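Q:
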Amino acid sequence: MSSINLNNVSKWYGNNHVIKDANLDIDDGEFIVLVGPSGCGKSTLLRIISGLEDLDNGKIFINSIDVTDKIPSERGLSMVFQSYALYPHMNVSENIGFSLKTSGENKEMLKNKIDNVAEILKLDKLLHRLPKELSGGQRQRVAIGRAIIRQPKAFLFDEPLSNLDASLRVEMRLEISRLHKQLGITTIYVTHDQVEAMTLADKIVVINEGEIIQVGTPQELYNYPKNLFVAEFIGTPKMNTMKCYVKKNVIHIVGNIEIKTSIKTHHKNTKYFGFRADRVKMCEKQKGSLTGYIKFVEYLGSEQYIYVDCGINESLIVLKEEPDYKIPSLKKEIGLKILAKDLYLFDKNGNVLN
Ligand SMILES: Nc1ncnc2c1ncn2[C@@H]1O[C@H](COP(=O)(O)OP(=O)(O)O)[C@@H](O)[C@H]1O
Ligand SMILES: [Mg+2]
Numbered sequence: 024m025s026s027i028n029l030n031n032v033s034k035w036y037g038n039n040h041v042i043k044d045a046n047l048d049i050d051d052g053e054f055i056v057l058v059g060p061s062g063c064g065k066s067t068l069l070r071i072i073s074g075l076e077d078l079d080n081g082k083i084f085i086n087s088i089d090v091t092d093k094i095p096s097e098r099g100l101s102m103v104f105q106s107y108a109l110y111p112h113m114n115v116s117e118n119i120g121f122s123l124k125t126s127g128e129n130k131e132m133l134k135n136k137i138d139n140v141a142e143i144l145k146l147d148k149l150l151h152r153l154p155k156e157l158s159g160g161q162r163q164r165v166a167i168g169r170a171i172i173r174q175p176k177a178f179l180f181d182e183p184l185s186n187l188d189a190s191l192r193v194e195m196r197l198e199i200s201r202l203h204k205q206l207g208i209t210t211i212y213v214t215h216d217q218v219e220a221m222t223l224a225d226k227i228v229v230i231n232e233g234e235i236i237q238v239g240t241p242q243e244l245y246n247y248p249k250n251l252f253v254a255e256f257i258g259t260p261k262m263n264t265m266k267c268y269v270k271k272n273v274i275h276i277v278g279n280i281e282i283k284t285s286i287k288t289h290h291k292n293t294k295y296f297g298f299r300a301d302r303v304k305m306c307e308k309q310k311g312s313l314t315g316y317i318k319f320v321e322y323l324g325s326e327q328y329i330y331v332d333c334g335i336n337e338s339l340i341v342l343k344e345e346p347d348y349k350i351p352s353l354k355k356e357i358g359l360k361i362l363a364k365d366l367y368l369f370d371k372n373g374n375v376l377n
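In our numbering, the protein residues as written are 24 to 377.
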């Protein structure tokens, strides 16, 4: 059990500044998710924390002890990768016990520990199987078992579920969540999947181009995104955003056509605005409302996503409706109603204004 602190951590690959002055405080027992687009530096940051990668600047503390110059084995963290990296010629039991066996654990203790881990991970009936005789989810569980048995100060996961199919991914996600509740071990979990981030995290760390953009609970990030990047990254479906300017306190949408809306704001330097799919409603076409045509509908069982072309560049506006909502004819021009209170306003740099 451990706290982890990053202090002005920076890393370059040649001229590429891949981690930019990262500061992060992780409390004992917290489940932290690092999320961001591919190539933003998530794996690099995780590898720096584990000690597999050197940093060029800054410090790392585990339980307030400076471990910046310590090798991975001295940091006492366990890492689980996307590729399970199991030993193919060893069975489940041997794979789980390998690290303890090589460090000289006595036979009986080792067996007890393996049995205990196998029970936690529901692998007890599979101990004699080889990795090739296991499903993807079972293999991932063995990889996790191997990490647990060393009783690490913290778990580091790097996209552990991205090789699994969708339904297994959901199952393993719940499993990892359950495991964290049961063991209470500090966890840093990397994913590019914002749904995984939202469902697992105590705290989400949004990274873009090597920079920590925002840290907060899933609720904080969803309701109070700090900028356009977080607003668009967090939430499904993606937030509707568009370019605009304000003239006489009224928002004008900019695009291949210009639309004067009826929405007022006192933020004169608004350059973008956004609204979530569940905050826009269809209405009769009227002056000052956005108008457009329904292009297509995604029926998801519990809800439906309706995509509307308002003639603003190529982007479609997405609405979220109840599953039994009656879709109007695709031939009929419809209006869209958004309330000023549901708008997120951003300045020219994409920073939130309201
Ligand atoms: N060993 C390496 N040598 C040079 N550049 C690297 C190396 N590893 C990663 N990078 C670069 O660092 C950046 C961050 O990579 P990475 O941390 O793997 O991103 P993520 O895990 O978020 O997809 C990328 O631009 C990537 O190309
Ligand atoms: Mg990665």
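Note that CB positions come from ideal geometry on N, CA and C, so glycine has one too. Just so it is clear, the structure is predicted and the values come from calculations on it, not from any experiment.
#1: Is the beta carbon of ILE350 less than 9 Å from the beta carbon of VAL320?
#2: If you check the beta carbons only, do LEU75 and VAL32 fall under 9 Å apart?
#3: Tell me, please, whether the segment 95-114 touches the segment 46-60 by the rule of three or more beta-carbon pairs shorter than 8 Å.
#4: CB-CB under 7 Å to LEU244, same chain, minus the five flanking residues each way: which ones, in chain order?
#5: Indicate, with yes or no, if ligand 1 has a heavy atom lying under 8 Å from the CB of TYR212.
#6: Who are the near neighbours of LEU366 in its chain, counting only those whose CB is closer than 6 Å to its CB and skipping five residues on each side?
#7: I believe LYS360 touches LYS304 by the beta-carbon criterion, under 8 Å. Please report the beta-carbon distance rounded to the nearest angstrom.
#8: If contact is defined by three or more beta carbon pairs under 8 Å, each pair taking one atom from either stretch, is the segment 201-212 in contact with the segment 115-125?
#9: Tell me, to the nearest whole angstrom, how far the beta carbon of LEU368 is from that of HIS275; I am working on the premise that it is less than 8 Å.
#10: On the criterion of 16 or more Cβ atoms from any shown chain inside 10 Å, does CYS306 qualify as buried, or is it exposed?
#11: Select from GLY324, SER325, ILE357, GLU345 the residue whose C-alpha is nearest the C-alpha of VAL331.
#12: Using alpha carbons as the reference points, say which of ILE280, TYR322, THR288, ARG302 lies closest to ILE337.
#13: LEU362 to LYS287, Cα distance in whole Å?
#14: Per DSSP, what kind of secondary structure is GLN163 in: helix, strand or coil?
#15: Identify the residues that DSSP records as bridge partners of ILE235: which are they?
#16: Does the beta carbon of VAL56 fall short of 8 Å from some heavy atom of ligand 1?
#17: Please determine if the segment 35-45 and the segment 207-227 are in contact, where contact requires at least 3 C-beta pairs separated by less than 8 Å.
#18: With DSSP as the reference, label GLY207 as helix, strand or coil.
#19: Spatial neighbours of ARG302 within its chain, please: C-beta separation below 8 Å, excluding the five flanking residues on both sides.
#20: Examine ligand 3 and report whether any of its heavy atoms sits within less than 8 Å of the Cβ of THR125.
#21: Report yes if the C-beta of ASN39 is less than 8 Å from at least one heavy atom of ligand 1; otherwise report no.
#22: Going by DSSP in three states, THR293 sits in which element: helix, strand or coil?
#23: Tell whether a beta-carbon distance below 9 Å holds between GLY81 and ASP48.
#24: Considering THR222, what are the terminal residues of the alpha helix (DSSP H) in which it resides?
#25: With distances taken Cα to Cα, identify the nearest neighbour of PHE54 among VAL213, TYR316, ASP188.
#26: Which partner residues does LYS349 have in the DSSP bridge list?
#27: Where do the N-terminal and C-terminal ends of the beta strand (DSSP E) with ASP50 fall, by residue?
#28: Kindly indicate which residue of ALA108, ILE119, LEU100, LYS308 has the alpha-carbon position closest to the one of ASN86.
#29: Can you give me the start and stop residues for the beta strand (DSSP E) that TYR322 sits inside?
#30: Identify, in the order they occur along the chain, each residue of the same chain with its Cβ nearer than 7 Å to the Cβ of ASP51, setting aside the five sequence neighbours on each side.
#31: At which residues does the alpha helix (DSSP H) containing GLN242 begin and terminate?
#32: The alpha helix (DSSP H) with THR288 in it runs from where to where?
#33: Does GLU182 pass the burial test, meaning 16 or more other C-beta atoms within 10 Å, or should it be called exposed?
A: If we stick to the structure as given:
#1: Start at 1 with the first residue of the sequence shown, and residue 350 comes out as number 327. Start at 1 with the first residue of the sequence shown, and residue 320 comes out as number 297. Closer than 9 Å, so yes.
#2: Your numbering for residue 75 matches position 52 in the sequence shown. Your numbering for residue 32 matches position 9 in the sequence shown. Cβ atoms of LEU75 and VAL32: not closer than 9 Å.
#3: no
#4: Taking the first residue of the sequence shown as 1, we reach residue 244 at position 221. Hits under 7 Å: ILE227, VAL229, GLN237, VAL253, ILE257.
#5: Stepping through the sequence shown from its first residue, residue 212 is reached at position 189. No, the beta carbon of TYR212 sits no closer than 8 Å to any heavy atom of ligand 1.
#6: Taking the sequence shown and counting its residues from 1, one reaches residue 366 at position 343. Only PHE296, PHE298 meet the Cβ criterion.
#7: The residue given as residue 360 occupies position 337 in the sequence shown. The residue given as residue 304 occupies position 281 in the sequence shown. Rounded, the Cβ-Cβ distance is 5 Å, consistent with contact.
#8: no
#9: Taking the first residue of the sequence shown as position 1, residue 368 is located at position 345. Taking the first residue of the sequence shown as position 1, residue 275 is located at position 252. The pair is not a contact, with the Cβ atoms about 13 Å apart (cut-off 8 Å).
#10: To locate residue 306, count along the sequence shown from 1; it is residue 283. When all chains shown are included, CYS306 counts as exposed.
#11: In the sequence shown, the residue the question calls residue 331 occupies position 308. VAL331 has its Cα closest to that of ILE357, out of GLY324, SER325, ILE357, GLU345.
#12: On the sequence shown, residue 337 is found 314 positions in, with the first residue counted as 1. Checking the sequence shown, residue 337 turns out to be Glu, not Ile. When only C-alpha atoms are compared, the closest one is ILE280.
#13: The residue you call residue 362 lines up with position 339 of the sequence shown. The residue you call residue 287 lines up with position 264 of the sequence shown. The alpha-carbon atoms of LEU362 and LYS287 are separated by roughly 10 Å.
#14: Here the question's residue 163 lines up with position 140 in the sequence shown. Of the three classes helix, strand and coil, the one that applies to GLN163 here is helix, per DSSP.
#15: Along the sequence shown, one-based indexing puts residue 235 at 212. ILE235 pairs with ILE230.
#16: Counting from one through the sequence shown, the residue named residue 56 turns up at place 33. No - ligand 1 has no heavy atom lying nearer than 8 Å to the Cβ of VAL56.
#17: no
#18: For this step, residue 207 is matched to residue 184 along the sequence shown. In this structure, GLY207 counts as coil in the three-state DSSP scheme.
#19: Translated into the one-based positions of the sequence shown, residue 302 becomes position 279. Once the five neighbours on either side are set aside, the close Cβ partners of ARG302 are ILE361, LEU362, ASP365.
#20: With respect to ligand 3, the structure offers nothing, as its ligand set consists of ligand 1 and ligand 2.
#21: Residue mapping note: residue 39 aligns to position 16 of the sequence shown, counting from 1. Checking the Cβ of ASN39 against ligand 1 gives yes.
#22: Position 270 of the sequence shown, counting from 1, holds the residue named residue 293. Here THR293 sits in coil by DSSP.
#23: Looking up residue 81 in the sequence shown gives position 58. Looking up residue 48 in the sequence shown gives position 25. No, these two residues do not count as a Cβ contact at 9 Å.
#24: By one-based count along the sequence shown, residue 222 stands at place 199. Counting along the chain, the alpha helix (DSSP H) containing THR222 begins and ends at 217-223.
#25: Against the sequence shown, residue 54 aligns to sequence position 31. Minimum Cα distance to PHE54 is reached at VAL213.
#26: What you label residue 349 is simply residue 326 of the sequence shown in a count that begins at 1. Note: LYS349 sits in no beta bridge, so no partner.
#27: On the sequence shown, position 27 is the one that residue 50 refers to. Premise fails: ASP50 is in no beta strand (DSSP E) and is neither H nor E.
#28: For the purposes of this step, residue 86 is taken as residue 63 along the sequence shown, with counting starting at 1. Out of ALA108, ILE119, LEU100, LYS308, LEU100 has the C-alpha closest to the C-alpha of ASN86.
#29: In the sequence shown, residue 322 corresponds to position 299, counting from 1. 313-322 is the span of the beta strand (DSSP E), which, as asked, contains TYR322.
#30: Taking the sequence shown and counting its residues from 1, one reaches residue 51 at position 28. The residues are MET24, SER25, SER26, THR209.
#31: Residue mapping note: residue 242 aligns to position 219 of the sequence shown, counting from 1. Unbroken alpha helix (DSSP H) run through GLN242: 241-246.
#32: Within the sequence shown, the letter at position 265 stands for residue 288. Premise fails: THR288 is in no alpha helix (DSSP H) and is neither H nor E.
#33: For the purposes of this step, residue 182 is taken as the residue at position 159 of the sequence shown. GLU182 comes out buried.
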